[in-house]
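Asker: In the working numbering, the protein residues as written are -13 to 145. Built from N, CA and C at the ideal position, the CB exists for glycine as well. Encoded as structure tokens, here's the structure I'll be asking about.
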């Protein structure tokens, strides 16, 4: 049995544009369906309690539409969104308009998957955690955490 070698530990993980757009499309479809349901419910002369559902549905529909628009805008600037795994450390770029945040591997305490939020949480000594959503390089949360850990290990072995 041959052993499969690990992929290059130092690499740039680009924004997963197809994945982001597919989620955005699902949100838009949900917004359209919700808007239709809201209109039909409102036209049916609903009782007072049903108006709460109308308002809630309208808010959900509007929220999903805004999320769709933000995702479209983000994917048009996909080159600005990436995770860079380098010998020196990890860089997260473009997340929530915060620019770039670089963390040297020597300051990283732990790398783990946050099971509740399904994100990768990088604990950094004396700083807020670096939270990375699994939207880079086509990797899920566990594969992304493994890629980070592999780069961290390779950096330690190189020194």
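1. From what residue to what residue does the beta strand (DSSP E) around residue -1 run?
2. For residue 64 and residue 10, what's the separation of their Cα atoms in angstroms?
3. Just the Cα atoms here: how many angstroms apart are residue 112 and residue 71?
4. Let me check understanding here. Comparing Cα to Cα, which of 105, 122, 29, 124 lies closest to residue 115?
5. Please report how far the alpha carbon of residue 99 lies from the alpha carbon of residue 4, in whole angstroms.
6. In its own chain, which residues sit with a C-beta less than 8 Å from the C-beta of residue 50, not counting the 5 before and 5 after it?
7. Go ahead and label residue 22 buried or exposed: buried means 16 or more other beta carbons lie within 10 angstroms of its beta carbon, across all protein chains shown.
8. Mind checking who residue 86 pairs with in its DSSP beta bridge?
9. In whole angstroms, what is the alpha-carbon distance linking residue 77 and residue 145?
10. If you check the beta carbons only, do residue 109 and residue 120 fall under 7 Å apart?
11. For residue 92, does the count of other Cβ atoms within 10 angstroms reach 16, so buried, or fall short, so exposed?
Answerer: Result, derived from the coordinates:
1. -3 to 0
2. 15 Å
3. 21 Å
4. Checked all of 105, 122, 29, 124; the closest Cα to residue 115 is 105.
5. 23 Å
6. Same-chain partners within the cutoff: 13, 14, 16, 17, 20.
7. exposed
8. 79
9. 19 Å
10. no
11. exposed
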